[in-house]
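Engineer: For reference, the structure I am asking about is given below.
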Amino acid sequence: MKLVASLQPDTSSREIGSMAVWSVTSAKPGNGVELLRDGRDDTYWQSDGAQPHLVNVAFQKKVHLSEVAIYTDFKLDESYTPTKISIRVGNTFSDLREVRLIEMSEPQGWLVVRLPSEEEPETCLKGFMLQVAVLANHQSGRDTHLRQVRVFGPRCDPAKTLGHEVGFTSPQFATYSAVR
-13 MKLVASLQPD TSSREIGSMA VWSVTSAKPG NGVELLRDGR DDTYWQSDGA
37 QPHLVNVAFQ KKVHLSEVAI YTDFKLDESY TPTKISIRVG NTFSDLREVR
87 LIEMSEPQGW LVVRLPSEEE PETCLKGFML QVAVLANHQS GRDTHLRQVR
137 VFGPRCDPAK TLGHEVGFTS PQFATYSAVR
């Protein structure tokens, strides 16, 4: 887990959140789930109800998950800022399992969480569903603010997914090997 001021483009991963259906357990009117994905750090999703507050990310096919990035701002949100977040992965709601538990103190910026852990940077998790659960807030706040959430998966080389080497390496084929 690391806290950074801005997300830098990474050539080894890609944002896959746009491939998913997003839902939340509750939302204040005007502060819905769509604000988690609007690309702006001056808007936020605000929960409305009892904890835990859940953000559910459901994919149509099983995907590889490498990182989750969450934008929070303690200076603006104070008691609405999460202190304890659980990241869960599974195939359905009934088989979600916690893969990371994060505790923070006054975070400001992007919290980037490797899945499954910092010790195994080359591995990824697979699943149809990812869940971000806000378990506690600063100053015992009831509702929470999350400003942005991004989900990343590894970029894969299509030739490597075949499981064997592609034999088209002649100079004639090499002229067609890249798209301009």
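Position one of the sequence shown corresponds to residue -13 (my numbering), numbered consecutively onward.
Just so you know, even glycine gets a beta-carbon here, dropped at the ideal spot from N, CA and C.
Closer than 6 Å by C-beta to threonine 29: which residues in its own chain qualify, once you throw out the five before and the five after it? Chain order, please.
Structural biologist: Once the five neighbours on either side are set aside, the close Cβ partners of threonine 29 are Leu21.
Engineer: Is asparagine 42 near glutamine 134, with beta carbons less than 7 Å apart?
Structural biologist: Not in contact: asparagine 42 and glutamine 134 (Cβ atoms no closer than 7 Å).
Engineer: Are serine 65 and histidine 131 touching if we call contact CB-CB under 7 Å?
Structural biologist: Cβ distance not < 7 Å, so serine 65 and histidine 131 don't count as in contact.
Engineer: With C-beta atoms as the reference, is leucine -7 less than 7 Å away from leucine 97?
Structural biologist: Contact flag unset, no.
Engineer: Put proline 15 into one of helix, strand or coil per three-state DSSP.
Structural biologist: Looking at proline 15 - three-state DSSP - the assignment turns out to be coil, as it is neither helix nor strand.
Engineer: For the structure I just gave you, are there three or more beta carbon pairs, one from the stretch 45 to 58 and one from the stretch 2 to 10, closer than 8 Å?
Structural biologist: Short answer: they touch.
Engineer: Is alanine 119 near leucine 62, with beta carbons less than 7 Å apart?
Structural biologist: Cβ distance not < 7 Å, so alanine 119 and leucine 62 don't count as in contact.
Engineer: Do serine 72 and leucine 121 have their C-beta atoms within less than 7 Å of each other?
Structural biologist: For serine 72 and leucine 121, yes; Cβs fall inside 7 Å.
Engineer: When the distance is taken between beta carbons, is leucine 111 closer than 7 Å to valine 137?
Structural biologist: Not closer than 7 Å, so no.
Engineer: In this structure, how does DSSP classify alanine 160 when only helix, strand and coil are distinguished?
Structural biologist: Note: alanine 160 maps to helix in three-state DSSP.
Engineer: Going by the beta-carbon positions, is the gap between methionine -13 and valine 165 smaller than 7 Å?
Structural biologist: In this structure, valine 165 does not lie closer than 7 Å to methionine -13 by Cβ.
Engineer: By how many angstroms is the C-alpha of glycine 25 removed from the C-alpha of serine 91?
Structural biologist: Each residue's alpha carbon lies about 24 Å from the other.
Engineer: Please state the DSSP three-state secondary structure of aspartate -4.
Structural biologist: DSSP places aspartate -4 in coil when its eight states are reduced to three.
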